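As numbered in the working numbering, the sequence shown has no gaps in its residue numbers, which increase by one up to the final residue, 1514.
For reference, the structure is listed below as C-alpha cells.
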Amino acid sequence: MRLLASLLMLIPMLIAADPAYQVLVFSKTAGFRHDSIPAGIQAVRDLGAANNFTVTATETWPSSLSGYRAVIFLNTTGDVLDNAQQSAFESYINGGGGYVGVHAAADTEYNWPFYGQTVGAYFSSHPAIQQATVRNEDRSHAATAHLGATWTRTDEWYNYRANPRSAVRVLQNLDEGTYTGGDMGDHPITWCHAQGSGRAFYTGLGHTQESYSDPAFRALLLGGIRYAAGMAKADCRPESGYTPLMSSGWSQAGPGGFNIADGTWSSFGGMGLRWHSAKEFSSYSLKLDWRMAGDDNSGVFVGFPPSSDPNSAVNSGYEVQIDATDTPDRTTGSIYGFKAPDTAARDAALNPPGAWNAFELLVEGERLQVFLNGVKINDFTNTDPNRSLLQGHIGLQNHGDGDDVAFRNIRIKELGGPQPPTTIEGESYTSQSGVQPANHAGASGGRTVGYIDNGDWAGYSSVSTAGATGFTARVSSGGAGGTITVRSGSQTGPVLGSVAVPGTGGWDNFQTVSTTLNGSGTGPVFLTFSGGSGSLFDIDTFSLTRSNATTAEGESCTSQSGVQPADHANASGGRTLGYIENGDWAGYSSLSTAGATGFSARISSGGSGGAIQIRSGSQTGTLLGSVTVPVTGGWENFQTVSTTLNGSGTGPVFLTFSGGSGSLFDIDTFSLTRSNATTAEGESCTSQSGVQPADHANASGGRTLGYIENGDWAGYSSLSTAGATGFSARISSGGSGGAIQIRSGSQTGTLLGSVTVPVTGGWENFQTVSTTLTGPVTGPLFLVFTGGAGFLFDLDTLTLTRG
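See the structure below:
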C-alpha cells in the first residue's frame, strides 16, 4: 500500500499542466439504480477540484454539449436519451468530444447502434459481488499506468454480450479463474478506442460505493477522464496477435544495463544495448511502452546484425530516438541522424516527461513507420546499401548515467505472409578459411566467393539461421562440383541441411540449387564445402527462406485454469507450462488464431501423456484441431508434436488439455503457422464515413460493419496492403447489393481492385466474394462502397492474401 500511495501522489504532478476544462456527469436511470451514484459524483468532483476541471452533474440532458471536453455516463441504465438528444451526442462525439462509461453505462441504450459502438459492449449478466484478480494488460494508458501487473479488488463483475477486443484497445481483463460466474474466457473489463473524431473510455468497475473512495480506482477513473478529454494521449487502436518478448532471449552488449522490477526495465550506466539475441525479425510490428523522467536519452534499435558490440547497432541498424531536446533529426520519434519526425504530429501525441508513452515501429521491407500513442509521426525508407531493414535484431539503448529511461510491455507481431528470403552475396562473408572473392561478369555485383576447395568454409555473422527452413544458392562450376553444408553457429556447428552442386559447364554458367533446412538453427550461418580435388565451384548469392510462424512460451498464458509454470533446465527460458492435468486450460489473449493453419508444440512428459486441443476465443470456443502428446521418457526429454488447423479461428488462442490422472505433460513453446493471409473484422475499422457496427448472430464475433450506403468508406490503419495480391470478404445483403473498391493509402487512394457484392437473400445469409489485386500496394487498406439507394450490404470479415 505504501508503494501504491507513493505512485498515486505522483499523479497530480503529471497532470498539473492540464488547462482548465469542463466535464458533464450524466447519471439518469430508466432501469436499476445504483446506490453508488452519489459517491461516484462526489469522486469526480474531488478529482476535478484537484486536477483543474469543473464538474456539472445532472440527470437532465443539457441543451448543448459544446462546453464539455468529456461526458461521463455514470451508472446509467435503460433508454435515457430521446432521438434529438441522441443526435446531439453523435454530433458531439464525431466532432471530437469524449465519452467515459462507468459500469452500468453498458446497461444503457440497447437499441441505439451508435451508443453500442461507443460503449464497446453491452451488459449480459453478472454473478454476486466478490473478489477477483484484474490483469492490467496495457499499463501505458493514464488510467492504468499507476497499477501493477495484477490488481485484486472486490466489485460486481459484468459479463458482456460480445467480446469487444476486435474493435477496442483492452486495458484490463478479468482472470476468470479467481472468481465464480465469469463466462467469457477472454474477459475484457476496461478499454478505450477512437470514436469518429472523438475518444471513448469504458470500465466495468464501479458498482460498489467503496470503489469511489479507493485511491487506485479513483486514479483509473481520472486517467479515463483525461484520455476522453484529450489531455492524456494513448494508443487505443485494437490489438491482437502480439507475442510478449520480455521473458527471455535478451543479452547485454557494452557497459551498464537495466534494472528489472514489476515488469519494467530501467536503464543505468552505458553506453550499452540490451538486445533480443534469440531471433532476428523481418516484416513486423514492434510495440513497447517507455517513460523518461526529464531530458533523458535512449532509443530503440532495429535492423542490426548480431554482435556483442553496441556500436554494431549504431553503425549497421537504425535507431528510433527518445530524447526531449536535440536537433530535429535526433529528438523523440526521429530516425536518428537520418530523418526528423513530423514534429507537429509528434508534439500533439506526446505525453510529458514522467508519463508513459507507447511506440509502434512498423517494419515492412525497407520501410520503417513510427507511431507514437497511435499517431504516425515518421515514415522512413532505407536506401543505404550498407544497412537493411529486411532482417535484423531489435534492441534498447542504455545511454549513460543520468539518462534514465524505462521500458515495459515489449511485444511483437510478425506480419502475415511468408517472410521474405534473405539474399546474401557469397563474397560478403565475415570469416572464412581458404576461399577468396572471384571476378565474374555474369555474377551479381560482378563477383562470387570462389577458389573453393574441399574443407574450406565461409561464415556470415550478420545472417541468422533462426527460423530458416530453406536454402538456395546461385552457383557455377567449371571444376568437379561438390556439396554445400549449411550449419548454425560455427563451421562445426549443427548441420541444418546440405545440397549437391553439379558441374555447370563453366565458371560463368550459373544455376540455382536448393534444399530444405530442419529449422533448428539459432546462430549465424556458416557454409562448409566438400568434394574432390582442385577448385570445386563458386557461389554468387545464397538465400535463406523462413517459415511464417509465431512462437510463444507455454508459460506466457494470460488466463488459465489449473496450470502453473515449472522450472526445467532444458526448456526455452528455463521454464515450461506445467502441472497440467485433465480438464486444465490456458489462454493467450495476445496471440490470435486468425489465419492459423498449423500448430506445433515442444513438449515433455514423465507422466501419462494426453492431448492438446486448440480452440479460438475461449476454452470452450471453436475447435481448430488437436494433437496427441506421447510419453517422452522424462520431464527433461523434449519432443515436438504438430497438427494442421482448420483455419476458421478469429479470436485469441486457447489450449485445453485432456488425458488420464495426474500430471500429463509440460509445454515448453508452441507455434502457430499461418497461410499467406491476414484476416480482420469488418467493424474493426479505424476511420470511416457513414458506416456503423451491426449486431448479427451469424457473424464472426456477433457483429459486422453495417449500415453501408453508396459512397461510404472504411479505413484500416493497422492493415497494410504491402504485398497483397488477393482480397476476399464475407458479406451479407438483404438490401440491393453493390460493390467494394479496395484502395491503398486513403479512401481516394490507388485503386487495387474491386468486387461485386450480390444480394444474399437476407442480412443473416453470408457468402464470400473475392478478387485479385494489382498495383503499387504500399499504404494502409481502405474500402470504398458503391451501389444504389438505401442499405447495400454488411461486411463481416475481410482477408488480404499475399505472395
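Ideal Cβ placement from N, Cα and C applies to all residues, glycine included.
Keep in mind that this is a model prediction, so the values were computed, not measured.
Item                                                                                                                                                                                   : Value
Just the C-alpha distance for S1172 and G983, rounded to the nearest angstrom, thanks.                                                                                                 : 20 Å
Compute the beta-carbon to beta-carbon distance between G1449 and T1483, rounded to the nearest angstrom, for a pair I have assumed lies under 8 Å.                                    : Not really, about 19 Å apart at Cβ, beyond 8 Å.
What are the uninterrupted segments assigned as beta strand (DSSP E) that are 3 or more residues long and contained completely in the segment 802-836, given in chain order?           : 809-813 and 834-836
What residues are listed by DSSP as bridge partners for E1136?                                                                                                                         : T1252
Give the range of the alpha helix (DSSP H) segment to which P749 is assigned.                                                                                                          : I748 to N762
Assuming Q1143 and G1170 are in contact, meaning their beta carbons sit under 8 Å apart, how far apart are those beta carbons, in whole angstroms?                                     : 7 Å
Using the C-alpha atoms, what's the distance from N1421 back to G1499?                                                                                                                 : 6 Å
With 16 as the cutoff for other CB atoms within 10 Å, does E991 come out buried or exposed?                                                                                            : buried
Can we count V755 as close to the ligand COA, meaning its CB is less than 6 Å from some heavy atom?                                                                                    : As for the ligand COA, it is missing from this structure, which has no ligand bound.
May I ask which residues mark the beginning and end of the beta strand (DSSP E) holding S926?                                                                                          : Correcting the residue identity first, residue 926 is Pro in this sequence and not Ser. P926 -> not in any beta strand (DSSP E); alpha helix (DSSP H) instead, spanning P926 to A939.
Compare the Cα-Cα distances from V1470 to each of G1464, D1505 and L1073 and report the closest residue.                                                                               : D1505
Can you check which of these residues, A1184, K739, A1066 and N1022, is closest to H1110 by C-alpha distance?                                                                          : N1022
Can you say whether S1368 is buried or exposed, counting buried as having 16 or more other CB atoms within 10 angstroms of its CB?                                                     : Going by the sequence as given, residue 1368 is Phe instead of Ser. Buried, because 16 or more other Cβ atoms sit within 10 Å of the Cβ of F1368.
Which ranges would you report for the beta strand (DSSP E) in the segment 1402-1484 if only whole runs of at least 3 residues count?                                                   : 1403-1406, 1414-1417, 1424-1431, 1435-1444, 1449-1455, 1461-1468 and 1473-1483
Among I1419, D897 and G1289, which residue has its Cα nearest to the Cα of L1302?                                                                                                      : D897
Please work out which residues of its chain come closer than 8 Å, Cβ to Cβ, to Q1478, disregarding the five sequence neighbours upstream and downstream, and give them in chain order. : R1441, I1442, S1443, P1469 and T1471
Can you find the residues in the same chain that come closer than 6 Å, C-beta to C-beta, to P730, ignoring five residues on each side of it along the sequence?                        : none
Mind checking which residues open and close the beta strand (DSSP E) that includes R1158?                                                                                              : R1158 to G1161
Return the first residue and the last residue of the beta strand (DSSP E) that R1185 is part of.                                                                                       : A1179 to S1188
Indicate the three-state DSSP secondary structure (helix, strand or coil) for V1025 in the structure shown.                                                                            : helix
Do G1318 and L1383 have their C-beta atoms within less than 7 Å of each other?                                                                                                         : no
Over the uninterrupted beta strand (DSSP E) stretch that includes D1090, give me the two end residues.                                                                                 : V1086 to T1092
Compare the C-alpha of G807 against each of A856, T788 and Y938 and name the closest.                                                                                                  : Y938
Mind checking whether G1028 and G1103 have CB atoms under 7 Å apart?                                                                                                                   : yes
Are T1251 and T1159 close, meaning C-beta to C-beta below 7 Å?                                                                                                                         : It is worth fixing the name first, because residue 1251 is Asp in this sequence and not Thr. Cβ distance < 7 Å, so D1251 and T1159 count as in contact.
For the alpha helix (DSSP H) containing D1058, name the first residue and the last one.                                                                                                : T1054 to A1060
Using a Cβ-Cβ cut-off of 8 Å (strictly less than) and excluding sequence neighbours within five positions of G827, which residues of its own chain qualify?                            : E820, Y821, Y833, P1404 and D1406
Could you tell me whether the segment 1049-1061 touches the segment 1080-1089, where touching means 3 or more Cβ pairs closer than 8 Å?                                                : yes
What three-state label does DSSP hand Q1130 in the structure shown?                                                                                                                    : Note that Q1130 scores 48 on pLDDT, short of 50, meaning its location in the model is unreliable and no value can be drawn from it.
Are there 16 or more other CB atoms within 10 angstroms of the CB of F1012, so buried, or fewer, so exposed?                                                                           : buried
Would you call the CB atoms of P1064 and A1004 closer than 7 Å?                                                                                                                        : yes
Exposed or buried, S851, counting other C-beta atoms within 10 Å across all chains shown (16 or more means buried)?                                                                    : buried
Quick check on the burial criterion: 16 or more other C-beta atoms within 10 angstroms. Buried or exposed for E1075?                                                                   : buried
Would you tell me roughly how many angstroms separate the C-alpha atoms of I726 and P824, rounded to the nearest one?                                                                  : Reliability fails at I726, whose pLDDT of 40 lies under 50, so the model's placement of it is uncertain and the value that follows must be treated cautiously. Approximately 34 Å, taken between the alpha carbons.
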